[in-house]
Amino acid sequence: MTLTIELKPSSTPKSTEEREALKAVGGFGQIFTDNMVTIRYTEGRGWHDAVLEPYGPVSLDPAASVLHYGQEIFEGLKAFKAADGQIVSFRPDANAARFNRSAARMAMPELPEDLFLAAIDALVSTDREWVPEGEGRSLYLRPFMFATQVGLGVNSPSAEYLFMLIAGPAGSYFAGGVKPVTVWLCEDYVRAVKGGTGEAKCGGNYAASFLAQAQAVEQGCDQVVWLDGFEHKYVEEMGSNNLYFVYGEGENARLMTPALTGSLLPGITRDSLLKVAADLGIPAEEGTISVEQWRQGIESGEITEVFGCGTAAVVTPLGKVKSKDGEFAIGHGEPGPVTLRIREALLDIQTGKAADLHHWLRKIA
Ligand SMILES: Cc1ncc(COP(=O)(O)O)c(C=O)c1O
Numbered sequence: 092m093t094l095t096i097e098l099k100p101s102s103t104p105k106s107t108e109e110r111e112a113l114k115a116v117g118g119f120g121q122i123f124t125d126n127m128v129t130i131r132y133t134e135g136r137g138w139h140d141a142v143l144e145p146y147g148p149v150s151l152d153p154a155a156s157v158l159h160y161g162q163e164i165f166e167g168l169k170a171f172k173a174a175d176g177q178i179v180s181f182r183p184d185a186n187a188a189r190f191n192r193s194a195a196r197m198a199m200p201e202l203p204e205d206l207f208l209a210a211i212d213a214l215v216s217t218d219r220e221w222v223p224e225g226e227g228r229s230l231y232l233r234p235f236m237f238a239t240q241v242g243l244g245v246n247s248p249s250a251e252y253l254f255m256l257i258a259g260p261a262g263s264y265f266a267g268g269v270k271p272v273t274v275w276l277c278e279d280y281v282r283a284v285k286g287g288t289g290e291a292k293c294g295g296n297y298a299a300s301f302l303a304q305a306q307a308v309e310q311g312c313d314q315v316v317w318l319d320g321f322e323h324k325y326v327e328e329m330g331s332n333n334l335y336f337v338y339g340e341g342e343n344a345r346l347m348t349p350a351l352t353g354s355l356l357p358g359i360t361r362d363s364l365l366k367v368a369a370d371l372g373i374p375a376e377e378g379t380i381s382v383e384q385w386r387q388g389i390e391s392g393e394i395t396e397v398f399g400c401g402t403a404a405v406v407t408p409l410g411k412v413k414s415k416d417g418e419f420a421i422g423h424g425e426p427g428p429v430t431l432r433i434r435e436a437l438l439d440i441q442t443g444k445a446a447d448l449h450h451w452l453r454k455i456a
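If you want it as structure tokens, here you go:
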């Protein structure tokens with residue numbers, strides 16, 4: 092391996108009682124484990140000082156490049172505890188590859204895949220007691236990297252970076268059952284344009300999305316649906332989810348997900364579902380769909396279900412679409428059968444209930 096991660100875990104980890112109480116809280120992104128991993132990069136020296144250390148604040152110079160020019164990327168993935176007690180991470184190699192594609196787009200150094208995987212293995216293994224058990228529960232892993240060079244010059248990318256990995260227990264996203272969400276078709280703002288950073292998982296994309304998300308909430312919606320940045324006509328993705336459209340029903344059901352045009356995030360759940368659908372004998376393809384085709388498809392009954400997919404919530408059914416021109420409903424307030432079947436098939440693979448045909452699970456020692 093390129094570099095060994097030095098293990099200096101917390102000498103004061105949470106007591107069993109405290110930890111179990113925190114794990115029982117559920118929710119997402121508020122509670123973190125005892126430790127974290129940090130790895131530094133310096134131009135000319137490469138990656139160095141890889142350490143697993145107690146979770147805690149980082150100290151940054153006020154002139155650190157990330158605070159001014161936003162050079163930051165991140166990933167999101169999960170580790171699960173299977174029924175037999177084995178802890179696994181789901182497709183971490185796919186996240187490593189996307190992390191490095193994001194790094195390349197943001198003129199940041201790539202992190203060798205073996206080091207990305209070693210960081211995950213080290214943290215999940217050390218903090219293994221934090222991995223929750225049970226339906227829909229997981230340890231959410233957040234790798235990220237940002238520019239730490241001191242100086243306000245904007246002519247070149249930072250020469251120094253900090254990679255970090257933190258983790259926290261995540262409850263089931265849909266406590267009390269999967270419920271369809273209402274979405275807002277965002278026509279005032281765009282998330283990304285071709286040639287921009289839409290394909291990269293960089294913080295700036297999310298900063299640029301909060302205003303539209305706030306507008307969606309004002310309209311009584313849960314999430315934003317993004318349209319293409321050029322014609323504002325073609326459906327791209329939803330909040331932090333990719334989208335799937337179900338055409339037909341029963342034996343004749345087939346799936347379509349918007350093609351990766353350069354402005355969508357290439358979701359790992361999206362990619363996994365293309366393969367899971369094929370395994371289930373449901374034809375699935377990449378394509379395009381305009382808002383008008385979506386509305387007409389619902390009206391004619393050709394489109395029977397629509398769902399979002401992403402690491403956090405896995406599969407989220409859409410129940411209603413709102414826009415400045417009015418609204419239309421999808422289904423009758425309950426998740427559709429194809430949506431539920433696909434969701435369960437993926438969860439079964441992640442939790443070891445179904446065979447891991449595609450070798451997506453990485454065992455944590
Ligand atoms: C904008 C966006 N689209 C799609 C996704 C789904 O990607 P994944 O399935 O890799 O979580 C995410 C979440 O990471 C996202 O932030």
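Just so we're aligned, residue 92 is where the sequence shown starts under this note's numbering, counting upward by one.
For glycine and all other residues, C-beta sits at the position ideal for the given N, C-alpha and C.
request  = Report yes if the C-beta of I359 is less than 7 Å from at least one heavy atom of ligand 1; otherwise report no.
outcome  = Yes, the Cβ of I359 comes within 7 Å of a heavy atom of ligand 1.
**Report entry** Secondary structure of A170, DSSP reduced to three states
**Finding:** Strand, per DSSP.
**Prompt:** Which residue comes first and which comes last in the beta strand (DSSP E) that contains T453?
**Reply:** Sequence inspection shows Arg at residue 453; the Thr mentioned does not correspond to that position. Element bounds for R453: L452 to K454.
Check your understanding: How many angstroms separate the CA atom of L158 from the CA atom of Q240?
Key -> Approximately 10 Å between the Cα atoms of the pair.
If you compare alpha carbons, which of E418, L371, D212 and G330 is closest to Q387? Nearest to Q387 by alpha-carbon distance, out of E418, L371, D212 and G330, is E418.
Q.
Rounded to the nearest angstrom, what separates D279 and V315 at their Cα positions?
A. If you take the alpha carbons of D279 and V315, they lie about 11 Å apart.
With distances taken between CB atoms, is the gap from D218 to N126 smaller than 8 Å?
If you check the CB distance, D218 and N126 come in under 8 Å.
Original post:
How is V367 classed by DSSP in three states: helix, strand or coil?
Top reply: Reduced to three states, the DSSP call for V367 is helix.
Segments of 3+ residues assigned as beta strand (DSSP E) that fall wholly inside the region 124-166: Taken in chain order, the complete beta strand (DSSP E) segments of 3 residues or longer contained in the region 124-166 are 126-133, 137-145 and 163-165.
- Message: Using only the alpha-carbon positions, how far apart do A291 and R196 sit?
- Response: Roughly 7 Å between the two C-alpha positions.
Please determine, among A250, F336, S331 and G353, the residue with the shortest C-alpha to C-alpha distance to M236.
-> Nearest C-alpha to M236 among A250, F336, S331 and G353: A250.
Note to self: What I want to know is whether the C-beta of G401 ends up closer than 7 Å to one or more non-hydrogen atoms of ligand 1.
What the structure shows: The answer is yes for G401.
Q.
If distances are taken between C-alpha atoms only, which option among G410, R345 and W138 comes closest to P271?
A. It is G410.
Nearer than 7 Å: is that true of the beta carbon of L356 relative to any heavy atom of ligand 1? Yes, ligand 1 has a heavy atom inside 7 Å of this Cβ.
### Query
So what does DSSP say about V272, is it helix, strand or coil?
Three-state DSSP puts V272 in a strand.
### Query
Ends of the alpha helix (DSSP H) at W385?
Under the DSSP assignment, W385 falls in the alpha helix (DSSP H) whose first and last residues are V382 to S391.
So, for A368: in the same chain, excluding its five sequence neighbours on each side, which residues have a beta-carbon less than 6 Å away from its beta-carbon? Hits under 6 Å: L346 and A375.
### Task
Keeping to the same chain, check which residues put their C-beta closer than 6 Å to that of A229; ignore five residues upstream and five downstream.
According to the sequence displayed, residue 229 carries Ser and not Ala. Excluding positions up to five away in sequence, the list reads K169, F171 and A261.
* Asked: CA-CA distance, I394 and G339?
  -> Taking the straight line joining both Cα atoms gives about 6 Å.
Checking 8 Å against the spacing of the C-beta atoms, do G320 and A283 come in under that value? The answer is yes: Cβ separation under 8 Å.
Rounded to a whole number of angstroms, what is the C-alpha to C-alpha distance between S414 and Y297? A direct Cα-to-Cα measurement between S414 and Y297 gives close to 21 Å.
Next item on the list: Look at the alpha carbon of A258 and the alpha carbon of V215, and state the distance between them as a whole number of angstroms.
Entry: In this model, A258 and V215 are separated by some 8 Å (Cα to Cα).
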